[in-house]
Amino acid sequence: ETLEIANKRVELARKEDDPAKALELTSDAESLMEDAENIFTSTKAKDRALSQDIANAYHEHGRLLDDLG
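Each residue of the sequence shown is one higher than the one before, counting from 1457 in this note's numbering.
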């Protein structure tokens, strides 16, 4: 669920016309992705699908930051 919210923030940031609001949304997304990563690394059972979802979220976040300049 945390990753879904992070991905939604990235999606909203891509559509945002105001660069300041877009950066705020990406910052929120990054914080949520870090939370998801911390939860993932603290669990004993490593879920490969979740690991891939986290990697994808970081990738999209990075692409958005590149687009924002």
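C-beta atoms are modelled at their ideal positions from N, C-alpha and C, and glycine is treated no differently.
Membership of T1482 in the alpha helix (DSSP H) is indicated by the continuous run 1475-1498. In the three-state DSSP reduction, G1525 falls in the coil class, being neither helix nor strand.
Residues L1459, M1489, A1492, E1493, F1496 of the same chain have their beta carbon placed closer than 8 Å to that of I1510, with the five preceding and five following residues left out of the count. DSSP, reduced to helix, strand and coil, places D1509 within a helical segment of the structure shown. If you check the CB distance, A1485 and L1524 do not come in under 8 Å. The three-state reading of DSSP puts E1467 in helix, counting H, G and I together.
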